[in-house]
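Asks: If you scroll down you'll find the structure; I have some questions about it.
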Amino acid sequence: MTGTAASANGATGAVHRRRLRRSDRAISPPATMIIGTELRFTITTDSITGRRGDRRGGGLTWSALQVIASMTMSTTRIGTIELGRTGEQVSSLALGAMQMGSATAEPEAVRILDRYHELGGSFVDTADCYEWWSRPGSRGGESEELLGRWMRDRGNRDEIFLATKGTALPEYSPDLWAADGTADWDLARRTFAGAGADTLRHALDGSLRRLGTDHVDLYYVHVDDRATPLEETLEALAGLVSAGKVRHLGWSNVRTWRLERIRQLCDRHGWPAPVAVQQQHSYLRRRAGLSNASIVDDEQLDYLTEHRDLTLVAYSPIVKGIYDDPARRAEHWMMESYAGPDADARLEAVTGLAAELGVTPNQLVLSWLLHRSEPPVLPLIGPRTPEQFENLLPALDIKLDAGQLARLDQAGA
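The numbers in full-length UniProt numbering rise by one with no breaks, and the one at position 173 of the sequence shown is 173.
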């Protein structure tokens, strides 16, 4: 593997060797990693040997080397996909900014945004509620504010396809957080702003102010609001489009029958219909019998295959990174939606093929999603750190043939 990193000293000489931890030995294939022309690591199941000029370096784990390699190698530009049937091309890999300004500090967030844009990415996703639950007293909007500063400082608003969402910001109350600072999601869901006409207009104006722009390219109903008549919501959204504040509409966390009802009402009244639906979607399938409006099921995939005017934007495409980490997978709350024989079989399939290809399971899952055509899928990644972002980029280079795709598709119980 080659890249462009250069050493500070071109002389040859010192060698640094350390023993690998057991966990490193378990995942490290024998390989030679060459980064640029002056930095070489020989990796075996027993050791990492590094040679770099006459300097002695610190020990590096296999995962650290993967980050270095991806940072120096990943020059593939992000492709494009048509948004619904609008004729507009958008980035085939979207960048989620949920944690930017909260869990991800601004300097690191800017590094991620700059790198994504450098690779040709332009589809950036946020919401007015991000990320109120990260700290007691927050009223949300931190992510939008950070994006507004970044676009202002870079002068690149016209180069960004900007998506935000409304309806899921809870009514502010100190009771939204427990004494230990954790969010009370039951209370939050009961007090979500909803999709009433006045609420939508007010929410969008707040988003535009924080983002420092006069319009967004895509505006989602973040959480489907069954308490407000759809006619009221759709007419209000149509007004936002007519006012030039919104270019395209989307829906999120919504059941298939509601999407069809929305379509019928838009056709009947001449209102602009959604062109994107943002749902939780990954290689693992939700477990049998689970009722969850947020996670795509087979019925919804069939519907979106038939109705190509709706693009599936897949959030949590690698399920918080659980494919690479069995320990994390065993204890992560999101696995409750997937755990079972089907998930076990698919995890075995993706882990096995990833090992054969010399990539990580997370990278393979992301590549598999990028290969989808029935229906097309636009993955939305949300890295917390620049290193997490770089670790996903090799997915852009993975080419899966028909046999490999069939092997992944057909796995399951």
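Just so it is clear, CB atoms sit at the ideal spot from N, CA and C, and this is done for glycine as well.
Near Glu231, what residues of its chain come up, given a Cβ to Cβ distance below 8 Å and the 5 sequence neighbours on each side ignored?
Replies: Leu265, His269
Asks: Report yes if the CB atom of Thr167 is closer than 7 Å to the CB atom of Asp225, and no otherwise.
Replies: yes
Asks: Can you list, in chain order, the residues of its chain whose CB lies under 8 Å from that of Ala178, leaving out five sequence neighbours each side?
Replies: Spatial neighbours of Ala178 in its own chain (CB-CB distance under 8 Å, excluding positions within 5 residues in sequence) are listed in chain order as Asp184.
Asks: Please state if the CB of Ala349 and the CB of Leu408 are separated by a distance shorter than 7 Å.
Replies: Judged by beta-carbon spacing, Ala349 lies within the 7 Å limit of Leu408, meaning their Cβ atoms are closer than that value.
Asks: Tell me whether Asp198 sits in a helix, a strand or coil according to DSSP, three-state version.
Replies: helix
Asks: Considering just the uninterrupted stretch of the beta strand (DSSP E) at Ile81, what are its terminal residues?
Replies: 80–82
Asks: Shortest alpha-carbon distance to residue 431 belongs to which of Ala238, His248, Gly148?
Replies: Here the chain covers residues 1 to 413 and nothing more, so residue 431 does not appear.
Asks: Of the residues Pro341, Ala343, Ile322, Ala345, which one's Cα is nearest the Cα of Trp333?
Replies: Ile322
Asks: So Val124 and Ile160 are in contact, right, with Cβ under 8 Å, and what is the actual spacing, rounded?
Replies: That pair is a contact at about 6 Å.
Asks: With Ile295 and Ser337 assumed to form a contact (beta carbons below 8 Å), what rounded beta-carbon distance in angstroms separates them?
Replies: 6 Å
Asks: So what does DSSP say about Pro361, is it helix, strand or coil?
Replies: helix
Asks: For Leu369, which residues in the same chain have their Cβ closer than 8 Å to its Cβ, ignoring the five residues on either side in sequence?
Replies: Residues of the same chain with a CB within less than 8 Å of the CB of Leu369, apart from the 5 flanking positions on each side, are His281, Ser282, Tyr283, Ala314, Pro317, Val377, Pro379 in chain order.
Asks: Shortest alpha-carbon distance to Gly181 belongs to which of Gly137, Arg210, Leu211?
Replies: Gly137
Asks: Give the secondary structure of Thr167 by DSSP, where H, G and I count as helix, E and B as strand, and everything else as coil.
Replies: coil
Asks: How would you call Asp302, buried or exposed, if buried means at least 16 neighbouring beta carbons within 10 angstroms?
Replies: exposed
Asks: Mind checking which residues open and close the alpha helix (DSSP H) that includes Trp251?
Replies: Premise fails: Trp251 lies in the beta strand (DSSP E), 246–252, not in any alpha helix (DSSP H).
Asks: Assuming the contact rule is C-beta atoms closer than 8 Å, Arg139 and Tyr172 should be a hit. Round their C-beta distance to whole Å, please.
Replies: 6 Å
Asks: CB-CB under 6 Å to Asp198, same chain, minus the five flanking residues each way: which ones, in chain order?
Replies: none
Asks: Glu131 and Ser102 - do their beta-carbons sit closer together than 7 Å?
Replies: yes
Asks: Could you check where the alpha helix (DSSP H) with Asp225 kicks off and where it finishes?
Replies: Counting along the chain, Asp225 falls outside any alpha helix (DSSP H), and DSSP gives it neither H nor E.
Asks: Residue range of the beta strand (DSSP E) that Ser91 falls in?
Replies: 89–91
Asks: Counting C-beta neighbours from all protein chains within 10 Å, is the total for Thr126 16 or more, i.e. buried, or is it exposed?
Replies: Thr126 is buried by the Cβ-count criterion.
Asks: Which value, in whole angstroms, describes the spacing of the CA atoms of Arg157 and Ser122?
Replies: Approximately 10 Å between the Cα atoms of the pair.
Asks: Once you ignore the five residues that flank Ala193 on each side, which residues in its own chain have a CB closer than 6 Å to its CB?
Replies: Thr167, Leu169, Thr199
Asks: Leaving out five residues on either side along the sequence, give the residues of the same chain with a beta carbon under 7 Å from the beta carbon of Trp150.
Replies: Val110, Leu113
Asks: Measure the C-alpha to C-alpha separation of Glu299 and Thr256 and round it to an integer number of angstroms.
Replies: For Glu299 and Thr256, the gap between their C-alpha atoms comes out near 7 Å.
Asks: Per DSSP, which one or two residues make a beta bridge with Ile295?
Replies: Gln280
Asks: Just confirm the distance between the C-beta atoms of Val277 and Ser242, as a whole number of angstroms; I'd bet it's less than 8 Å.
Replies: Contact doesn't hold; Cβ gap of about 22 Å is too wide.
Asks: Helix, strand or coil for Ala8? Go by DSSP, reduced to three states.
Replies: Below a pLDDT of 50, predicted positions are generally treated as unreliable, and Ala8, at 33, falls in that range; no measurement from the model is reported.
Asks: Helix, strand or coil for Asp325 per DSSP?
Replies: coil
Asks: Go through its chain and collect everything with a Cβ distance to Ser23's Cβ below 6 Å, but skip five positions before and after it.
Replies: Caution is warranted here: a pLDDT of 35 is assigned to Ser23, below 50, making its placement in the model unreliable, and the coordinate value is therefore given only provisionally. Cβ within range, chain order: n/a, list empty.
Asks: Buried or exposed: which applies to Ile43, given that a residue is buried once 16 or more other Cβ atoms fall within 10 Å of its Cβ?
Replies: Residue placement at Ile43 is poorly supported in this model, since its pLDDT is 38, which falls under 50; the coordinates are not used for a value here.
Asks: Pull up the CB-CB distance for Thr80 and Val275, whole angstroms please, since I reckon it's below 8 Å.
Replies: Contact doesn't hold; Cβ gap of about 15 Å is too wide.
Asks: Under the assumption that Leu204 contacts Leu240 (Cβ atoms under 8 Å), give the Cβ distance between them as a whole number of angstroms.
Replies: 6 Å
Asks: So, under 8 Å CB-CB, Leu146 and Glu106 are touching, yes? Tell me the CB distance rounded to an integer number of Å.
Replies: 6 Å
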